[in-house]
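Report on one structure; see the data block that follows.
Numbering (this note's numbering), first residue to last: 22 to 170.
Okay, here's the thing in structure tokens:
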């Protein structure tokens, strides 16, 4: 019986080794699968972060470039608008002055005076009003030009 016991022990030992080997090989296969998945996930996340960072830098760079172009264009348009407004204001002042002077002359010519003194007084009053109007037009021009700043 001792020979049978020894044989049994040998089979039991061999069976135990096979069971341990199979168990450990399945565990290591599981770990390898998990390690590969972890490795791929980590690589993908790293590449994604690098791509996002690169994209953000490019967008920021292009944004700065476009803002510079926009600022230049806006400055040019504002300067052009200021110039046109100044020309328009000067033109309107001249037209208004000419119309006012013409109206004054027509008023003087259409009014009949009994005496030279009345004619002179009327003319002085009209000149005073004309001068006040011109001063107000110049003040308006100055105010418009100062408000642009």
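Beta carbons: idealized from backbone N, C-alpha and C, even for Gly.
Test item: CB-CB of residue 125 and residue 95 under 9 Å: no
Cβ-based neighbour list, residue 88, same chain, cut-off 8 Å, excluding 5 preceding and 5 following: none
Rounded to whole angstroms, what is the Cα-Cα separation between residue 122 and residue 107? 22 Å
Inspect the beta-carbon positions of residue 166 and residue 117 and report whether they are closer than 9 Å. no
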